[in-house]
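Protein chains in written order, with our numbering: chain A, 1 to 245; chain B, 1001 to 1245.
Quick reminder that beta carbons are idealized off the backbone N, C-alpha and C, glycines included.
Keep in mind the model is a prediction, meaning the values are calculated, not measured.
Reading through the structure tokens given below for one structure.
2 protein chains.
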Amino acid sequence: MNRLKCTIAYDGTNFSGFQVQSNGRTVQGDIEKALFKLHKGEEIRIHPSGRTDAGVHAHGQVIHFDSPLSIPVDRYQMALNTLLPDDIVALTIENVNTDFHARYNVVKKEYRYFLLNQKERDVFRKNHSYYYPYAINLDRIIEATKYLLGAHDFTSFCSTKSDKENKVRTIEEIEIWKENNEIVFRFVGNGFLYNMVRIIVGTLLKVGQGKLEPEDIKVILEEKNRKAAGKTAPAHGLHLWKVWY
Amino acid sequence: MNRLKCTIAYDGTNFSGFQVQSNGRTVQGDIEKALFKLHKGEEIRIHPSGRTDAGVHAHGQVIHFDSPLSIPVDRYQMALNTLLPDDIVALTIENVNTDFHARYNVVKKEYRYFLLNQKERDVFRKNHSYYYPYAINLDRIIEATKYLLGAHDFTSFCSTKSDKENKVRTIEEIEIWKENNEIVFRFVGNGFLYNMVRIIVGTLLKVGQGKLEPEDIKVILEEKNRKAAGKTAPAHGLHLWKVWY
């Protein structure tokens, strides 16, 4: 068996999420279907760096799987891309040691959140950027992010549906910039809880609108209560950008 | 009656074209449906600068129509955008004289054609850029464009389905540049025949691949025969960018 590490991109618009479930198209389901064909009817199970929710996009998601085929990885990639639907693509495939695990070996991850901050909708970004036509103060938002940097218990910024016991995570970098009429939020951390980036963005927007003060973030973290934070920003603005090993 | 000039953008992916037809969603159909609601059941007919085909996008299409309503244009725009589907948006609306006509008064138009020139597909550009993973020589293409500039009979670059008698058009500007992994073709002219930009792009790609010489464009123009030119490039790479009056 050969263990393969594969970087994939997908447009999450028409998926019910990553993980196989009883109804709806899933990224995992479609990749495993393609691998099933590629392996002439043999079922291949894939393992992602982590799941993504319905509507969330990925530019550099990583998966691993074991294949009995011994063909060069570039031919493997070409064959796989021919079998994948047009909203999933394999960007790189490489051979790795059998002790590589796409989930357990993650060192850090990068997410980006896109906010369309202009008066009118943009029909070309409707599924990829959160249309937010309200005035926001970016300086206040950037000021607020400093309370999020470093290791914290992110219970307040985690969906109550999460089953993770330990909610301490470390955010190493937060960058925010304007790109044309979009505001890009970039987060790099050693791990992210369920809905964590979306709840952080939703809360930062309250700061940007003047409904919260930047230093309120510190208090919200200390409360360890999901209700203390802001709304969960919509899924379609979220992009899993990169995974480091 | 007030004549309104309206700049609109639409993502052509899920439309069967601009003009109302017996089956399939059309841009005109959806806009007229929204106006019908806005005018409480009164039918309003819109007039575009020109039609676009199924799959073709618009960033700055212009339409005009007459409205019995006398509300400020910014409120009109807001109401219309609330009623339009999420793949059409009104970018600007202004009052114009009743002698303004969106089609007859066009001075020039700009089209852009996007080509994704990289090894793998881009899931985020799949409906907006023509995926073309083959090696092309951009210098040869740019060399070829000089034969297209100016006034010519573009019969060879016009669909045989066209019913226009006079096929002389003037291309004022052609610019071609790389933007990330895309090649952008920009055409500005006083008018474009049916499929003209797509046939030009398809033919320029043959030059870029070495299957035609740049100076062959001159010969193709002189032949005045659609068969002399290259294939019609796919609709989804084409964007109506701007219309001048």
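Query: Quick one: is R186 of chain A near chain B, going by C-beta distance under 8 angstroms?; Result: no
Query: Checking contacts by CB at 8 angstroms: is Y1076 of chain B closer than that to chain A?; Result: no
Query: Is it true that the CB of L1212 of chain B sits closer than 8 angstroms to the CB of K1218 of chain B?; Result: no
Query: Just the C-alpha distance for L221 of chain A and H152 of chain A, rounded to the nearest angstrom, thanks.; Result: 8 angstroms
Query: Give a yes or no on whether the minimum CB-CB distance between E1182 of chain B and chain A is below 8 angstroms.; Result: no
Query: Would you mind reading off the limits of the beta strand (DSSP E) that contains Q1061 of chain B?; Result: H1057 to S1067
Query: With a floor of 4 residues, list each alpha helix (DSSP H) that falls wholly inside the stretch 128 to 196 of chain A, ordered by position along the chain.; Result: 138 to 145
Query: Per DSSP, T1092 of chain B forms a beta bridge with which residues?; Result: B:T1007
Query: Are there three or more Cβ pairs, one per stretch, closer than 8 angstroms when the stretch 1046 to 1064 of chain B is compared with the stretch 1015 to 1031 of chain B?; Result: yes
Query: For chain A, check one thing: does any of its Cβ atoms lie closer than 8 angstroms to the Cβ of A1102 of chain B?; Result: no
Query: Is the stretch 1095 to 1113 of chain B in contact with the stretch 56 to 70 of chain A, if contact means three or more CB pairs nearer than 8 angstroms?; Result: no
Query: Could you check whether the Cβ of N81 of chain A sits closer than 8 angstroms to any Cβ belonging to chain B?; Result: yes
Query: I need the straight-line Cα distance from L1238 of chain B to V1056 of chain B, nearest angstrom please.; Result: 5 angstroms
Query: Is the stretch 77 to 93 of chain A touching the stretch 123 to 131 of chain A in the sense that three or more CB pairs, one from each, lie closer than 8 angstroms?; Result: no
Query: Look at L83 of chain A and T7 of chain A and say whether their C-beta atoms are less than 8 angstroms apart.; Result: no
Query: Flag this pair as touching only if the stretch 127 to 143 of chain A and the stretch 1024 to 1034 of chain B have three or more C-beta atom pairs under 8 angstroms; answer yes or no.; Result: no
Query: Kindly list, in the order they appear in chain A, the residues whose Cβ is closer than 7 angstroms to that of D1216 of chain B.; Result: Within 7 angstroms Cβ-Cβ: nothing; D1216 of chain B doesn't reach chain A, min ~33 angstroms.
Query: Find the residues of chain B that neighbour E120 of chain A, judging by a C-beta separation of less than 7 angstroms, and give them in chain order.; Result: N1081, V1089 and L1091
Query: For N1097 of chain B and E1043 of chain B, what's the separation of their Cα atoms in angstroms?; Result: 21 angstroms
Query: Roughly how many angstroms separate the alpha carbons of H1236 of chain B and M1001 of chain B, rounded to a whole number?; Result: 37 angstroms
Query: Taking buried to mean at least 16 other C-beta atoms within 10 Å of its own C-beta, is H39 of chain A buried or exposed?; Result: exposed
Query: Let me make sure I understand the geometry here. Which of A:E32, A:N190 and A:T145 has the alpha-carbon closest to that of Y245 of chain A?; Result: A:N190
Query: Measure how close the beta-carbons of I88 of chain A and I31 of chain A come, nearest whole angstrom, since I'm counting them as under 8 angstroms.; Result: 6 angstroms
Query: Counting only the same chain and skipping the five closest in sequence on each side, list residues whose C-beta sits under 7 angstroms from that of A1034 of chain B.; Result: L1080, L1083 and L1084
Query: Would you report the Cα separation of P111 of chain A and Y131 of chain A, rounded to the nearest angstrom?; Result: Just to set this straight, residue 111 of chain A is Tyr in the shown sequence, not Pro. Whole-angstrom Cα-Cα distance: 18 angstroms.
Query: Is it right to say T1160 of chain B is buried, meaning 16 or more other beta carbons lie within 10 angstroms of its own, or is it exposed?; Result: exposed
Query: Closer than 8 angstroms, Cβ to any Cβ of chain A: which residues of the stretch 1125 to 1137 of chain B, in chain order?; Result: K1126 and H1128
Query: Following the continuous beta strand (DSSP E) through L116 of chain A, name the residue where it begins and the one where it ends.; Result: K108 to L116
Query: Is it buried or exposed, G1012 of chain B, if we count other Cβ atoms within 10 angstroms and call 16 or more buried?; Result: buried
Query: At a Cβ threshold of 8 angstroms, is A1009 of chain B touching chain A?; Result: yes
Query: Report the neighbours of D1086 of chain B on chain A: residues whose CB is nearer than 8 angstroms to its CB, in chain order.; Result: R121, V123 and K126
Query: Since K1231 of chain B and L1193 of chain B should fall inside the 8 angstroms C-beta cutoff, what is the C-beta to C-beta distance between them, to a whole number of angstroms?; Result: Not confirmed; about 16 angstroms, so no contact.
Query: Roughly how many angstroms lie between the CA atoms of D216 of chain A and V197 of chain A, to the nearest whole one?; Result: 17 angstroms
Query: What's the C-alpha gap between N181 of chain A and A1009 of chain B?; Result: 16 angstroms
Query: DSSP three-state label for L1238 of chain B, please.; Result: strand
Query: When the Cα atoms are used, what is the spatial distance from H1128 of chain B to N1117 of chain B?; Result: 13 angstroms
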